[in-house]
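Counting in our numbering, the sequence shown runs from 3 upward without gaps. For each residue, glycine too, the CB sits at the ideal point set by N, CA and C. As structure tokens, the structure follows; a few thoughts come after it.
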Amino acid sequence: MIFKKHGTPDELIIEIEGQLTGDGSEKTFQAELRLLEKAPQKIITFNFMKVTSINSANIGKFFFCMNRLKSLGRDMRIQGCSDSLYQTFQLIRMEDFLPVEKEASPFPQERA
């Protein structure tokens, strides 16, 4: 699993590549999510375009992180995910809790 981070003073975009399943992925994913609490940006955006699958344990960690960030007055969203992941997010009604867009937006420096 690979994490790439791009940011502006207001937004941090995290691109994840690989599978979010298996023993090692859960510890790595949780460690990365914990780092987000210390990031200065108000908006945390995840790009899952290159993630082929995610297990329920990692979905739970994702929701825990989202709730923690909300309690700190920050926002989290998903912009970009593979077809299979988008279908999974629709099945669990992820969009009821945070914005989910199938297509990824340009990196922050390209939005201006």
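The beta strand (DSSP E) with residue i in it runs from where to where?
i	result
ALA46	Note that residue 46 is Ile in the sequence shown, not Ala. Counting along the chain, the beta strand (DSSP E) containing ILE46 begins and ends at 45-56.
LYS29	Counting along the chain, LYS29 falls outside any beta strand (DSSP E), though it belongs to the alpha helix (DSSP H) covering 25-38.
GLU17	13-22
Can you check whether the CB of residue j is closer than 8 Å to the CB of residue i?
i	j	result
PHE31	LEU38	no
ARG95	THR47	no
ASP12	LYS44	yes
ILE16	VAL53	no
ILE61	LEU87	no
ALA41	LEU14	yes
GLY50	GLY20	This sequence places Phe at residue 50; Gly is not what is there. Going by C-beta atoms, PHE50 is not nearer than 8 Å to GLY20.
MET68	LEU100	yes
Tell me which residues share the same chain as residue i and place their Cβ nearer than 7 Å to its Cβ, disregarding the 5 neighbours each side in the sequence.
i	result
PHE5	ILE16, ILE18, GLU34
By Cβ distance, which residues of its chain are closer than 6 Å to residue i, with the 5 residues on each side in sequence left out?
i	result
ASP98	none
VAL102	ILE80, PHE91, MET96
Can you give me the start and stop residues for the alpha helix (DSSP H) that residue i sits inside?
i	result
ASP85	85-93
On the criterion of 16 or more Cβ atoms from any shown chain inside 10 Å, does residue i qualify as buried, or is it exposed?
i	result
LYS29	exposed
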